[in-house]
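Protein chains in written order, with this note's numbering: chain A, 19 to 162; chain B, 14 to 657.
Inspection log for the structure reproduced underneath, given as structure tokens.
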Amino acid sequence: MKKIYAFAFAMLTLLGVVSCRQNHLAQDEVLDIVGVWELSAVDVTKAAAFGDETINVYVTFSQDNTFVLYQLLGEGRYSEYSGEWTLSGNFLFGSYSDGSRWASSYTVTVNKVSLVLTTSDGSQISTYRKIDAVPESVLENLKY
Amino acid sequence: MEMKAYRFLTLSAILTLLALSCSREQEPTAQAGKAVQNNYPEAKISNSARSASAGELMVKLDPAQREQGEKALRSTLGVRGVEKLFPHTPGKEDLEARFGLDRWYLLELDENASAEAVALAVAGREEVAKVEFNRLMRSEEASVTPYAPGLVTKAVTYPFNDPSLVDQWHYINNGDVRAGLNARAGADINVKDAWALCAGDPDIVVAVVDEGVQWNHPDLAANMWVNAAELSGEDDVDDDGNGFVDDIYGYNFSRRNTPITYETGNHGTHCAGTIAAVNNNGIGVCGVAGGSGKGDGCRIMSAQAMTEGSGSSAAFLRAVKYAADNGAAVINCSYGYTGDPFSSDAAFAEAYEAEVAAYDYFQATPNDVLDGGIAVFSSGNGTLDHAEYPGGYYRYISVGALASDYLPAYYSSYGPGTNIFAPGGEVQSGNSYGEILSTVVPTISDGAEYAFAQGTSMSAPHMSGVVALGLAYAKKLGKTYTRDEFVSLLLSSANSIDDLLVGKRSSYGGTQQLYKYRGGTGGGAIDVWKLFMNIEGTPCLEAVQGETNHIDLEPYFGGNASTLTYLSVEVSDRDRTSLALKDDPVIEYGRLKITPQQFGSAKFVIKAINGGTVIGGDKEGGMEITRTVSVICRPVVSKNGGWL
């Protein structure tokens with residue numbers, strides 16, 4: 019389980035994180051985000067610094083347009099969320115099973131190993147790396 | 014690998030509402046207190062001596078027997094001195110008489126006189142209508158967490174260049190987790206786009222009734238109200254004849270013959286910064302009505318009613334009258350009585366007749382825009398289910414506190430008497446960035462010029478600043494209102510947070526059951542853009558981020574909106590970008606169709622043809638009509654705290 023330390027002035031550039039075998043995706047290419055993803059970096063460009071909480075996020079996007087999300091912000095046990103997602107071109111949005119919408123919609127760039135979600139107002143860029151499965155250690159450490 | 018950009022002292026940030034201790038009062042009898050029989054003098058005495066100032070009484074005389082009454086007071090055993098409670102101001106005779114200010118006196122008692130005994134003796138006189146003990150009120154020590162800025166971040170999308178604006182989530186909240194793990198983008202007063210229309214006006218003055226304000230603070234000095242005659246006049250002389258000597262930036266009512274002292278407490282200075290710290294001056298922080306960098310900020314008057322955390326009722330009342338008589342349109346009153354001494358407005362008005370008279374006097378004194386002033390109070394930090402007094406009194410605006418997640422802070426009182434909510438901040442575990450950042454006095458803040466603090470003491474100045482900013486915008490547009498009209502606009506310029514008030518909320522202060530706040534937040538969370546649109550008269554609509562919205566235009570084009578021929582929908586480039594519209598806006602079946610992808614605000618100018626499908630002039634046809642609507646895209650937030 020990789021811990022992310024969100025640290026000050028984290029100016030990871032987009033190119034540096036996405037290992038690009040291709041610099042851009044063709045306009046009409048169909049993007050595929052299905053798979054299991056682990057958050058690997060967060061770039062918050064509008065603030066000078068984060069706190070030093072750790073952020074652990076795993077999300078599984080499924081073929082049937084549902085998703086399951088495990089997150090641990092700081093200390094404690096993982097929270098589990100689920101819901102639906104829609105990808106329209108490179109525009110991703112979704113809602114949780116309790117009806118509430120995601121905090122933001124995102125523009126997507128993705129390839130076989132990396133997924134980058136940029137919030138619509140550009141203030142936050144989250145990068146995920148593809149993994150085989152959500153680790154057992156996460157599933158054993160869920161909130162009751 | 015972890016770095017903290019900001020080093021700050023780890024003082025725990027405690028509540029900073031000015032809590033004035035006041036012993037629980039007996040509820041007075043139901044009598045109105047006007048025509049009181051001579052043989053029940055006790056009925057004229059409205060509170061107890063327990064928290065009384067060492068030997069002072071406030072006495073109201075029957076208007077028909079004033080001269081006689083004065084003589085009687087002076088000759089009462091135990092009374093050392095008699096002076097008017099409210100100094101007379103030339104030109105204000107009518108209002109002073111109307112609210113009875115001219116009939117109140119402050120009695121100084123002999124050192125060993127018993128306040129209760131003298132009160133009884135005085136009340137026994139038929140010329141006396143009312144007796145109040147001059148209460149000495151204390152505040153909790155204002156605790157702030159000093160702020161030391163790190164590297165200046167290039168604030169590309171921020172409207173002003175003040176380097177610490179990035180740490181003021183209460184003005185522009187990007188949902189940065191540093192302001193709180195549950196911080197929501199858009200959970201702020203929505204002032205960013207409004208600032209482009211108006212950021213202040215030096216003719217609008219807000220009086221801070223509090224500890225003294227540091228008038229020479231680098232980020233406040235340019236926005237201080239200045240009594241020009243006194244500034245350039247002689248020392249020890251009342252140059253402008255307003256009854257006060259050397260009142261350059263205000264006056265110190267809490268100590269006789271003493272200039273304003275600001276090193277005796279941070280509270281006043283912190284409130285002042287929220288109201289109108291200087292904007293766009295390349296240093297420090299921003300204030301709600303601090304201007305745009307062109308000397309156009311609203312002005313701050315220091316009406317000092319407290320020193321080192323204590324002040325008497327008389328000091329507060331005099332400060333309020335001074336504010337009214339010297340041009341303040343707003344008073345910021347971040348104080349209240351602890352101990353929940355009143356259970357009703359009637360009880361409060363009965364017991365604190367002199368106070369109500371002073372606030373009424375202020376709210377009846379006209380200014381450039383309104384026919385009366387506006388008093389803004391904090392709702393209290395006692396976690397009560399009703400607003401604390403005096404703010405809770407129905408005629409005063411009482412402000413509750415929000416945290417960076419757009420939810421009530423754990424300490425905030427709410428419920429009946431609370432009119433609106435504004436950011437008051439809340440400490441997050443490990444850091445203070447969830448609190449309110451403003452100006453403080455360096456010599457008492459370990460050298461820091463800016464610091465974080467939390468409390469409804471901080472939410473009131475947000476609202477005071479918003480009132481001032483609204484008045485500035487109204488003045489800019491050449492509009493005037495009655496006081497009541499403007500207050501109605503203010504209190505309806507808000508967003509409901511009721512949808513978010515579900516489940517539990519955990520914080521540093523414990524667990525809140527959020528349903529309890531439903532219906533108890535007054536108008537909701539104040540929204541400056543909505544206020545500006547209300548002042549303009551521009552309809553203000555809401556859209557949801559990330560969705561295609563079909564906004565009904567019937568209220569703006571009439572019942573036939575769906576069948577009109579529309580000519581165009583125009584939106585400026587700036588506004589288009591503000592909302593990040595996915596496509597061009599269009600009208601379909603009388604509905605404005607837009608897909609905003611970002612929270613923000615924008616105006617749409619819509620043209621249609623009334624009376625035909627073509628414009629006449631050649632063929633018989635219709636005429637062009639134009640309506641402007643503004644759209645706020647509120648942030649869509651995952652209400653459950655989910656990461657996405």
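All C-beta atoms in this analysis are idealised placements derived from N, C-alpha and C, irrespective of residue type, glycine included.
> Can you find a CB in chain A that lies within less than 8 Å of the CB of B/LEU657?
Replying inline: yes
> Rounded to a whole number of angstroms, what is the C-alpha to C-alpha distance between B/ILE58 and B/LEU133?
Replying inline: 8 Å
>> In the DSSP output, which residue or residues are listed as bridge partners for B/ILE564?
In response: B/LEU605
>> Using a Cβ distance threshold of 8 Å, determine whether the stretch 207-218 of chain B contacts the stretch 263-270 of chain B, with at least three qualifying pairs required.
In response: no
> Whose CA, out of B/TYR423, B/GLY393, B/LEU330, B/SER326, lies closest to the CA of B/SER470?
Replying inline: B/GLY393
>> Just verifying my parser: in three-state terms, what is the DSSP assignment at B/LYS632?
In response: coil
> Within the 8 Å Cβ cut-off, does B/ALA200 reach chain A?
Replying inline: no
> Going along the chain, which unbroken runs of the beta strand (DSSP E) with 3 or more residues stay wholly within the stretch 122-151 of chain A?
Replying inline: 124-128, 132-137, 142-149
>> Using a Cβ-Cβ distance cut-off of 8 Å, determine whether B/ALA593 contacts chain A.
In response: yes
> Can you name the residues of chain B whose CB is closer than 7 Å to the CB of A/PHE79?
Replying inline: What A/PHE79 touches in chain B: nothing, since even the nearest Cβ is about 11 Å away.
> B/ALA130 to B/ALA85, Cα distance in whole Å?
Replying inline: 16 Å
> Since B/SER591 is in the beta strand (DSSP E), which residue starts that stretch and which ends it?
Replying inline: That residue, B/SER591, is in no beta strand (DSSP E); its alpha helix (DSSP H) goes 586-592.
> Helix, strand or coil for A/TYR76 per DSSP?
Replying inline: strand
>> For B/CYS311, list the residues DSSP reports as bridge partners.
In response: In DSSP, B/CYS311 forms no bridge with anything.
>> Can you tell me whether B/GLU96 is buried or exposed? The criterion is at least 16 other CB atoms within 10 Å of its CB, across all chains shown.
In response: exposed
> Which whole-angstrom value describes the C-beta separation of B/GLU69 and B/ASN147, a residue pair presumed to lie in contact below a C-beta threshold of 8 Å?
Replying inline: 4 Å
> Do you know how far the Cα of B/TYR419 is from the Cα of B/ARG191?
Replying inline: 15 Å
> Which partner residues of A/TRP103 appear in the DSSP bridge assignment?
Replying inline: A/GLY112
>> Quick check: what's the CA-CA separation for B/TYR184 versus B/VAL642?
In response: 24 Å
>> Suppose contacts are defined by Cβ-Cβ distances below 8 Å. Is B/MET150 in contact with B/GLU224 by that definition?
In response: no
> So, using beta-carbon positions, are B/ILE433 and B/CYS553 closer together than 8 Å?
Replying inline: no
> Using a C-beta cutoff of 8 Å, does B/GLN181 count as contacting chain A?
Replying inline: no
> Where does the unbroken beta strand (DSSP E) through B/ILE449 begin, and where does it stop?
Replying inline: 449-452
> Quick check: the stretch 554-561 of chain B against the stretch 510-527 of chain B, are there 3 or more CB pairs under 8 Å?
Replying inline: no
>> Out of A/ASP50, A/SER80, A/GLU56, A/GLY101, which one is the CA nearest neighbour of A/ASN74?
In response: A/GLU56
>> Using 8 Å as the threshold, is the C-beta distance between B/ALA102 and B/ASP260 below it?
In response: A small fix is needed here, since residue 102 of chain B is Thr in this sequence, not Ala. For B/THR102 and B/ASP260, no; Cβs fall outside 8 Å.
> Which residue comes first and which comes last in the alpha helix (DSSP H) that contains B/TRP542?
Replying inline: 541-549
> By the 10 Å Cβ neighbour count, where 16 or more other Cβ atoms means buried, how is B/MET314 classified, buried or exposed?
Replying inline: buried
> Counting along the chain, where does the alpha helix (DSSP H) carrying B/ILE288 start and finish?
Replying inline: 280-289
> Applying the criterion that 16 or more other CB atoms from any shown protein chain within 10 Å of the CB defines a buried residue, is B/TRP477 buried or exposed?
Replying inline: Residue identity differs from the one stated: residue 477 of chain B is Ser in this sequence, not Trp. B/SER477 should be labelled buried.
> How many angstroms separate the CA atom of B/GLY286 from the CA atom of B/TYR118?
Replying inline: 35 Å
>> Is it the case that the stretch 299-318 of chain B contacts the stretch 479-492 of chain B, given that we only count it when at least three CB pairs across the two stretches are under 8 Å?
In response: yes
> For B/GLN376, does the three-state DSSP call read helix, strand or coil?
Replying inline: helix
> Is B/SER177 helix, strand or coil by DSSP?
Replying inline: helix
> Are the beta-carbon atoms belonging to B/LEU450 and B/GLN227 less than 8 Å from one another?
Replying inline: no
> Rounded to a whole number of angstroms, what is the C-alpha to C-alpha distance between B/ALA110 and B/LYS492?
Replying inline: 30 Å
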